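Okay, so here's the structure we're looking at.
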């Protein structure tokens, strides 16, 4: 039976066909600019969705006179969620993708991606398939059976990871599920992973749908305005400050508030430290730009944070890395002003909450603070601190012979690799990373020259994000080259999406840094007294029986080459420079380029003069662990509860 118009005002389609037609007709709009909400659908087909969503996507691809929902074949279900998240982030959360997977493991593979999306407040639509709603032949292949609850499926695991969850067990439930999903996807306060579970039999079931369901819909992404009283109170607190500091988070970028932040800082002289998501809120070289703040911050931003009497958080959720586990802000009377579109985040650290769009709030605060500015001495301190830090960055990018002469033949430092990419890439090119030691080094060292040129996923810090995410960024903006910086540990988690990049002719540049183990966790293990245990990719020693033998003969360059990527192996800094230039010159539709380089994991980036709270064993037979625990206790003593209420009085102790 073909789909056709049955009764007046209805059209007969399967549930899956209705889903695809509906999604193809959804639009988002902000500031008068309208765009398709869904760029397409990623998927991997199995018996749970091949005859449902798979057939519907095929029919949509072949149909004339309809809005289309392009399909892209992924290689790993978790990876396709990462690709969707990266795309949505690059599009300032105004566009995203849908993801379809088969029943059982196909769907549960998306759980990590769902957690990542929700933690980072990034919209993505997940369409996991479910086992039969009718239960006519239960238990079926890949079905979870629970004696105490017959209606529970593996897809219920998405509930705590999603900002919206629904299961469509009858066709009549679909319209409310779809409309609810769109509401959350386009709400900057509520957004995250959105999940609609679709049982495999329901996907193929036909229904007479009202044609109005498929009319084009435009979802306006709001810019909530701040309350005048909140702006006045916030301005009063800031005016009382002698050493104020802005901490810029991802909300600055999602709001497109970079110019508003620049105007605010230039009018007041208030310096800016940045979270991972907020890096690039001010461009490198701006006099108020102090770079990263917190556990992976610059010494400049962290010195100002330690002295700040008022901290103005803009679009940040205040992670422990940003606050250095609540040790960054040491002034006895420090107060917080939090600008955030979400009241949940605006209320953190007992801050004075300005619940509003970041751009609108900054514009209002700049007007309310007219005539206020920090003094010349504070500006001079900013400049001096930054100059000292910038010298450290130069030393990391271009280490002295004293450092390089200690390296084994052919090895580079990680700082040299990052410096080469930073200096030879175009200002608009995007650097991408997610886990390991490189996110911290990038946060400290990378010189951002464009608002969308820095993309580090550090909400979930998910190993394996880098390669699939690079595809999402490139699909979002083909005018930018994407440099995915990934260590051997992260690469081994999810190299398979290189095949997707080959198939779709997506040019991404993967800088594969081989250091034969987990560089970041090895360093952390050593600092915690655990002696880098279990962090090296080595054979077991013949005598010791421990993982301290020769390095494994794993050829990651050959692996990438076997997946269809163009691979360039480098063994010197000059070769690295040539490789970056060659990758940049590669055809735009030539697929992925992988630059393979070995580095020394024992040469570190400059220290942040900061801390991160990772517990150390309280008792131990190891001297290294006992020493680390004593240091841990010292750091714990500097943690602050950050619970004092905020008023305009800069010295709350005077109220007692």
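In the UniProt record's numbering, the protein residues as written are 1 to 656. Cβ coordinates follow ideal geometry from the N, Cα and C atoms, glycine included. Note that the structure is a prediction, hence the values are computed from the model and not measured.
Three-state secondary structure assigned by DSSP to residue i
i           : result
residue 247 : strand
residue 650 : Summary for residue 650: the model assigns pLDDT 48, below 50, so the residue's position carries little reliability; its value from the coordinates is reported in the next sentence. Residue 650: coil per DSSP, three-state reduction.
residue 171 : helix
residue 210 : strand
residue 656 : Low local confidence applies: a pLDDT of 36 at residue 656 is under 50, so the model's placement there is unreliable, with the coordinate-based value given in what follows. Coil at residue 656, not helix or strand.
residue 392 : helix
residue 55  : helix
residue 543 : coil
residue 524 : helix
residue 43  : strand
residue 519 : helix
residue 166 : strand
residue 454 : strand
residue 657 : No statement about residue 657 is possible, as the shown extent of the chain runs from 1 to 656 and does not include it.
residue 599 : strand
residue 447 : coil
residue 614 : coil
residue 374 : coil
residue 438 : helix
residue 19  : helix
residue 593 : strand
Reference residue i, options the options, closest by Cα
i           : options               : result
residue 309 : 413, 244, 442 and 416 : 244
residue 26  : 455, 275, 110 and 39  : 39
residue 327 : 387, 340, 342 and 294 : 294
residue 613 : 560, 296, 503 and 354 : 296
residue 452 : 256, 487, 460 and 610 : 256
residue 71  : 391, 631 and 98       : 98
residue 214 : 183, 319, 175 and 167 : 175
residue 217 : 35, 441 and 158       : 35
residue 155 : 136, 479, 130 and 178 : 130
residue 673 : 493, 286, 510 and 541 : The chain is shown only over 1 to 656; residue 673 falls outside these bounds and no answer can be derived.
residue 356 : 221, 384 and 263      : 221
residue 306 : 628, 608, 623 and 621 : 608
residue 104 : 49, 74, 68 and 136    : 49
residue 180 : 219, 212 and 145      : 219
residue 419 : 381, 605, 477 and 554 : 605
residue 23  : 46, 44, 56 and 9      : 56
Residue i Cβ short of 8 Å to the ligand NAP heavy atom set
i           : result
residue 179 : Ligands are entirely absent from the displayed structure, and the ligand NAP is therefore not among its contents.
Range covered by the alpha helix (DSSP H) that runs through residue i
i           : result
residue 183 : 174-185
residue 258 : 258-268
residue 28  : That residue, residue 28, is in no alpha helix (DSSP H); its beta strand (DSSP E) goes 26-30.
residue 416 : 414-424
residue 470 : 466-476
residue 657 : Given a span of 1 to 656 for the chain in the structure shown, any question on residue 657 remains unanswerable.
residue 658 : With the chain covering 1 to 656 only, the question about residue 658 has no answer from this structure.
residue 362 : 358-368
residue 643 : Unbroken run through residue 643: none, as it is neither H nor E.
residue 150 : Neither: residue 150 is in no alpha helix (DSSP H) and is coded neither H nor E.
First and last residue of the uninterrupted beta strand (DSSP E) at residue i
i           : result
residue 199 : 193-199
residue 338 : 335-340
residue 10  : 10-14
residue 284 : From DSSP, residue 284 is part of no beta strand (DSSP E); its letter is neither H nor E.
residue 222 : No beta strand (DSSP E) holds residue 222; DSSP gives it neither H nor E.
residue 36  : 33-36
residue 313 : 310-314
residue 292 : 289-292
residue 273 : 272-274
residue 307 : From DSSP, residue 307 is part of no beta strand (DSSP E) but of the alpha helix (DSSP H) over 299-307.
residue 353 : 352-355
residue 733 : In this structure the chain extends from 1 to 656, so residue 733 is not present and cannot be described.
residue 432 : 430-433
Chain B contact for residue i (CB, 9 Å cutoff)
i           : result
residue 139 : Among the chains of the structure shown, chain B does not appear; only one protein chain is present.
Which runs of the beta strand (DSSP E) fall wholly inside the region 481-514 and span at least 3 residues, in chain order?
482-487 and 509-514
Taking 8 Å as the cut-off, does the region 614-626 touch the region 519-533 (at least 3 CB pairs, one atom from each stretch)?
yes
Would you check if the region 87-98 and the region 163-177 touch, i.e. whether three or more CB-CB distances between them fall below 8 Å?
no
Inter-stretch contact at 8 Å, needing at least 3 Cβ pairs: the region 361-368 / the region 219-237
yes
Please specify which runs of the alpha helix (DSSP H), each continuous and at least 4 residues long, are wholly inside the region 91-144, giving them in chain order.
105-108 and 111-119
At what residue ranges does the region 57-96 contain a whole run of the alpha helix (DSSP H), taking only runs of 4 or more?
77-90
Can we say the region 460-478 touches the region 69-86, given the rule of at least three CB pairs closer than 8 Å?
yes
If we count Cβ pairs, one from each stretch, closer than 8 Å, do we get three or more for the region 569-577 versus the region 406-417?
yes
Using 8 Å as the Cβ pair cut-off and three pairs as the minimum, do the region 342-350 and the region 638-648 touch?
yes
Counting beta carbon pairs with one atom in the region 461-468 and one in the region 482-493, are three or more of them shorter than 8 Å?
yes
Say whether the region 125-144 touches the region 246-261, bearing in mind that this needs 3 or more beta-carbon pairs closer than 8 Å, one atom from each stretch.
no
Any contact between the region 268-280 and the region 247-256? By contact I mean 3 or more CB pairs, one from each, below 8 Å.
yes
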